[in-house]
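Undergrad:
In the numbering used here, the protein residues as written are 9 to 309.
(1) With H, G and I counted as helix, E and B as strand and the rest as coil, what does DSSP make of residue 158?
(2) Locate the alpha helix (DSSP H) running through residue 138, then write down its first and last residues.
(3) I need the DSSP call for residue 97, collapsed to helix, strand or coil.
(4) What first and last residue would you give for the beta strand (DSSP E) that runs through residue 113?
(5) What number of angstroms, rounded off, separates the C-alpha of residue 280 from the C-alpha of residue 262?
(6) Would you call residue 218 buried or exposed, if buried means 16 or more other Cβ atoms sit within 10 Å of its Cβ?
(7) Output needed for residue 181: all residues of its chain with C-beta closer than 8 Å, excluding positions within five of it in sequence on either side, in chain order.
(8) Out of 286, 267, 290, state which residue places its alpha-carbon closest to the alpha-carbon of residue 199.
(9) What residues match up with residue 252 in a beta bridge as DSSP calls it?
(10) Cα separation between residue 130 and residue 221?
(11) Quick check: the Cα distance between residue 205 and residue 175, rounded to an integer number of angstroms?
(12) Using the C-alpha atoms, what's the distance from residue 12 back to residue 39?
(13) Between residue 115 and residue 168, which are expected to be in contact by the criterion C-beta below 8 Å, what is the C-beta distance as a whole number of angstroms?
(14) For residue 297, write down the residues that DSSP places opposite it in a beta bridge.
(15) State the start and end residues of the unbroken beta strand (DSSP E) segment that holds residue 69.
(16) What first and last residue would you give for the alpha helix (DSSP H) that runs through residue 274?
(17) Please state whether DSSP places residue 164 in a helix, a strand or coil.
(18) Which same chain residues, not among the five before or five after residue 123, have their C-beta less than 7 Å away from its C-beta?
(19) So what does DSSP say about residue 195, is it helix, strand or coil?
(20) In three-state DSSP terms, what is residue 238?
(21) If you follow the alpha helix (DSSP H) that residue 57 is in, where does it begin and where does it stop?
(22) If you reduce the DSSP assignment to three classes, tell me which class residue 91 lands in.
(23) Give me, in chain order, the residues of the same chain whose beta-carbon lies closer than 8 Å to that of residue 238; leave out the 5 immediate sequence neighbours on both sides.
This is the structure:
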């Protein structure tokens, strides 16, 4: 089913007046209230704002998904607002918000909500869509733009729907210092290792960095009186530019494709105690799916 088919012109606004996201939420809730006056809007508004307090729903790429999974509604309601001038908010990529998609859904249809969210995310990732939709002069034109994008709501969630597209990588010839710097800068515990063509070779994690300083850690654990002649971390710092990724990284990794079902990914993570899997296409790295992302998107919402 096309994403545009679930939208109603009565709950689409092509000229948002809001200057903040909170104002945009109020404006869009007003559209839903006019269409469905029987709902408890005070309760719904509190739920939406409470979700924003947990973590911003700004996706980046000029789009945000404020939402609530609440028993105050018995079916999913969607309102879409377009701001031509843009709403200045803190976003992952620093871009102002031009498209606000407000989603209200009961807890018992979480899958439909996630599939719809994934479809809106796909729409935003297609670079020409947001510039086109900003130019829409009516609610019907907004819906037509979404129709023309060809974005559909899929029946099952796949790795494509939840994966992170911007994967931080290193090469075999990068140094331990390079790895540590990229991990720190991006707040990551592991990096993908790729070749010059972007093909996935393996991964290097914070565990390998620490193990480089303590190669004899098993002896240290088994004998608490084991003495160290030198300070291992101090010695590691002296060699951090000379130690290369190729000496440390792990080649035994788990990969999936964009079409791998999320339930299969989750089962693999549980069975093999994995924190991450890499998404590839013809062995080229195109994304990464973290265990915490499944918790973030599916369980917490």
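Don't be surprised by glycine CBs; every beta carbon is placed ideally from N, CA and C. Quantities reported herein were computed from a predicted structural model and do not represent experimental measurements.
TA: Taking the definition as stated:
(1) coil
(2) 137 to 142
(3) Of the three classes helix, strand and coil, the one that applies to residue 97 here is coil, per DSSP.
(4) 105 to 113
(5) 9 Å
(6) With fewer than 16 other Cβ atoms within 10 Å, it is exposed.
(7) 252, 253, 254
(8) 286
(9) 183
(10) 43 Å
(11) 15 Å
(12) 18 Å
(13) Their Cβ separation, rounded to whole angstroms, is 25 Å, which puts residue 115 and residue 168 out of contact at 8 Å.
(14) 285
(15) From DSSP, residue 69 is part of no beta strand (DSSP E); its letter is neither H nor E.
(16) Unbroken alpha helix (DSSP H) run through residue 274: 270 to 280.
(17) In the structure shown, residue 164 sits in coil (DSSP, three-state: anything other than H, G, I, E or B).
(18) 161, 162, 165
(19) coil
(20) Residue confidence is low: residue 238 scores 48 on pLDDT, short of 50, so the model does not pin down where it sits. Its coordinate-derived value is still stated next. Of the three classes helix, strand and coil, the one that applies to residue 238 here is coil, per DSSP.
(21) 49 to 62
(22) If DSSP states are grouped into helix, strand and coil, residue 91 belongs with the strands.
(23) The predicted position of residue 238 is uncertain, since its pLDDT is 48 and thus under 50; no value can be drawn from it.
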